[in-house]
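In this note's numbering, the protein residues as written are 2 to 204. Glycine included, each C-beta is placed from N, C-alpha and C at the ideal position. Structure first, then comments.
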């Protein structure tokens, strides 16, 4: 998955950035929460149709999501609550960004995109309520890094080609995210069903 590739390929760079930020003694949870601010600024610029700024702050929110855990490890402040807060903030970030698209006139595709995104994020924790489950990667598309990459690529494309074969580039981008996330949600539901069947067969 793209998220795994990002963490693997940029690990050294991210660790260096994390060490630099750690010297400020800033609390890792504050770093995590800053993603909400960056997302809100990104959403504002999406509404204002200033996509270059929107991309910058959206990317910042994504970078923060990657390095906050590294900062916690460098400062020896890794906590269960920090892990929990990170996941909750991720949802706020996505909702805020998609709300920006909705307020910019793309309410319908933004609705389906955020719906698929939230269902995907709920698939694994819901399974853990039904049966014992670990946190291994699931074989499905539409992870958070995939979604952010498509959104950023779509914003870049829209600045060059506002329309693709007569269709608004932002609308195409959001519908692409909607398709991928909802297909990914179905994949996760099927995978969860297989895990449940396997678990029951061992009883």
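- Using a Cβ distance threshold of 8 Å, residue 99 and residue 114 count as a contacting pair.
- Within the same chain, Cβ atoms closer than 6 Å to the Cβ of residue 40 are found at 62, 94, 97 and 98, the five residues on either side in sequence being excluded.
- Note on residue 199: under 16 other CB atoms within 10 angstroms of its CB, so exposed under the neighbour-count rule.
- Cα atoms of residue 27 and residue 137: separation of roughly 30 Å, rounded to the nearest angstrom.
- Look at residue 27 here: in three-state DSSP terms it is coil, with no helix or strand label.
- Counting every other CB atom within 10 Å of its CB across the protein chains shown gives residue 145 a total of 16 or more, marking it as buried.
- Annotated three-state conformation of residue 132 is coil, per DSSP.
- With the rule of 3 Cβ pairs closer than 8 Å, the region 155 to 175 does not count as touching the region 116 to 124.
- For residue 152, the uninterrupted alpha helix (DSSP H) segment begins and ends at 145 to 161.
- Taking residue 190 as reference, the option from 123, 80, 52 and 89 with the minimal CA-CA separation is 123.
- Within a 10 Å sphere around the beta-carbon of residue 202 sit fewer than 16 other beta-carbons, which makes this residue exposed.
- Residue 132 has its alpha-carbon roughly 31 Å from the corresponding atom of residue 68.
- With fewer than 16 other beta carbons inside 10 angstroms of its own, residue 31 counts as exposed.
- DSSP places residue 165 within a strand segment (E or B) once states are collapsed to three.
- Residue burial annotation: residue 174 is buried, with at least 16 other C-beta atoms found within 10 angstroms of its C-beta.
- Taking the Cβ atoms as the reference, residue 142 lies roughly 6 Å from residue 184, within the contact range of under 8 Å.
- Straight across, the Cα-Cα distance linking residue 192 with residue 25 is about 43 Å.
- For residue 105, no alpha helix (DSSP H) segment is defined, and its DSSP state is neither H nor E.
- Within the same chain, Cβ atoms closer than 6 Å to the Cβ of residue 20 are found at 75, the five residues on either side in sequence being excluded.
- It is roughly 20 Å from the alpha-carbon of residue 86 to the alpha-carbon of residue 128.
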